Amino acid sequence: MNSEVPESQKSTCPNCSRGQMQVFYTVQHIPVHSVLLMPTRERALNYPRRDLKLGFCPKCGFIANTVFDPTVHEYSTSCEESQGFSPTFNAFSRSLAKRWVEHYDLKGKSILEIGCGKGEFLVQMVGEGMANGIGIDPAFVPERLNVSSPDRFEFIQDLYSEKYSHLRADVVCCRHTLEHIAPTADFMRMIRRTIGDRSDTLVLFELPDVFRVLTEAAFWDIYYEHCSYFTTGSLARLFRQTGFDVLELDLEYDGQYIVIAGAPSLSQTTVSFSGEADLEAITDEVARFPARFADVKRHWLSTINGMRAEGKKLIVWGGGSKAVSFLTTLGLEDQIDYVVDINPYKHGKFIPGTGHAVKSPDSLKDIRPDCVILMNPVYESEVSERLAGMGLSPKILPV
Ligand SMILES: [Zn+2]
0 MNSEVPESQK
10 STCPNCSRGQ
20 MQVFYTVQHI
30 PVHSVLLMPT
40 RERALNYPRR
50 DLKLGFCPKC
60 GFIANTVFDP
70 TVHEYSTSCE
80 ESQGFSPTFN
90 AFSRSLAKRW
100 VEHYDLKGKS
110 ILEIGCGKGE
120 FLVQMVGEGM
130 ANGIGIDPAF
140 VPERLNVSSP
150 DRFEFIQDLY
160 SEKYSHLRAD
170 VVCCRHTLEH
180 IAPTADFMRM
190 IRRTIGDRSD
200 TLVLFELPDV
210 FRVLTEAAFW
220 DIYYEHCSYF
230 TTGSLARLFR
240 QTGFDVLELD
250 LEYDGQYIVI
260 AGAPSLSQTT
270 VSFSGEADLE
280 AITDEVARFP
290 ARFADVKRHW
300 LSTINGMRAE
310 GKKLIVWGGG
320 SKAVSFLTTL
330 GLEDQIDYVV
340 DINPYKHGKF
350 IPGTGHAVKS
360 PDSLKDIRPD
370 CVILMNPVYE
380 SEVSERLAGM
390 GLSPKILPV
């Protein structure tokens, strides 16, 4: 299999086709998958690796891994991407479902979710009053779905493509999926084509915001599966360039996620949200990122190595992609004892790349860590309550 990306595709922006991608951040030999469960430490250590070279398009502000190789991915039911085990994330996604259903008057209507994962959000949308839902995702696991009215759902274990254009719905929803797709404009145009002349279709997307990643040098939010990185502005520009109007453009979940609503449009639409005028600001932040990243990396290495030199026990809380990126980018090995995660499906497995074991929070009662590095600050109160409940009071360092 030839995995080389042709030179021409490397440099032209896949979002707008107008700008040339300018590389500003490189990480070498990172695991190609960070949510895939590793059954043994050996497999985790030997997992396939590739390079990541983030490029920036000065014309539309889009950011992407310019050497991304989609052929290495194995999206399957062994993907443990679900955040549905966290009460904080559940509360957020429930309130989003409730708000969308109320605001857009979706009671009694149908929804198609592209990249539905294990189906939790689809169930929440129907729970808020939508009539029925169709979910498509290669990682869907039927046994994990527990609903009282299964006849209102249809799930397809596959990647969405034009062959599913016959699936009609009042709402097309796509959460935490577009960042995994390299030909972003092609994907949006495909959705636009499948909607056709049904102009009252509502399009709802949610995905990570890269602006915050740039300003905080939050390098743990940059990993191989995410080949495409958006700000509110670059996402809105993509919507408008591919035949959609923008109805809503917000940052949610402590500013980590962009929430956008759109509707098909037959004519050119005009910029109407303050979040769309960000091209100059992204250009500035991209220029500052390399120096800022070097500072943040130095800070973490000196903190961790310093505590380790004093004989302190350190664990990482959160065994998802952020942890994989944090551990591999910093090159951490035995400075970290292991990784804790609340998702029971991850326990007994290993972190791809560095091979750290993933254990349950209850295991902390035995090792009594001195420091917990928390991969997502949004979970700080949830985690500190859980630790206090076990009689533990380690230092919590949120990234
Ligand atoms: Zn562009």
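One point on numbering: in numbering that gives the first Met the number 0, the residue at position 165 of the sequence shown is 164, and numbering is uninterrupted.
All residues carry an ideal CB built from backbone N, CA and C; glycine is no exception.
Remember, predicted model here, so these are calculated numbers, not experimental data.
Going by DSSP, R49 is part of the beta strand (DSSP E) stretching over 48–55. Per the coordinates, the alpha-carbon of D199 lies some 7 Å from the alpha-carbon of D169. Shown in chain order are the residues whose CB sits closer than 6 Å to a heavy atom of ligand 1: C12, N14, C15, R17, G18, C56, K58, C59, F61. Classified as buried, S85 has 16 or more neighbouring CB atoms from the shown chains inside 10 Å of its CB. A direct Cα-to-Cα measurement between E112 and N342 gives close to 23 Å. Uninterrupted beta strand (DSSP E) stretches at least 3 residues long and entirely within the region 219–260 occur at 243–251, given in chain order.
Collapsing the DSSP output to three states places I190 in a helix. For T87, the enclosing alpha helix (DSSP H) covers residues 86–102. The continuous stretches of beta strand (DSSP E) do not include V382, which lies in the alpha helix (DSSP H) extending over residues 379–388.
The way I'd put it, the region 342–356 does touch the region 24–35; three or more beta-carbon pairs between them come closer than 8 Å. DSSP places I314 within a strand segment (E or B) once states are collapsed to three. If you look at I350, you'll find it isn't in any alpha helix (DSSP H); DSSP assigns it neither H nor E. Only residues of its own chain outside the window of five on either side were considered, and among them W219 have a CB closer than 6 Å to the CB of F325, listed in chain order. Note: T183 is not bridge-paired with any residue in the DSSP secondary-structure output. Between M129 and V100 the beta-carbon gap is near 6 Å, inside 8 Å, which marks them as a contact. Here the alpha carbon of Y222 sits roughly 12 Å from the alpha carbon of V212.
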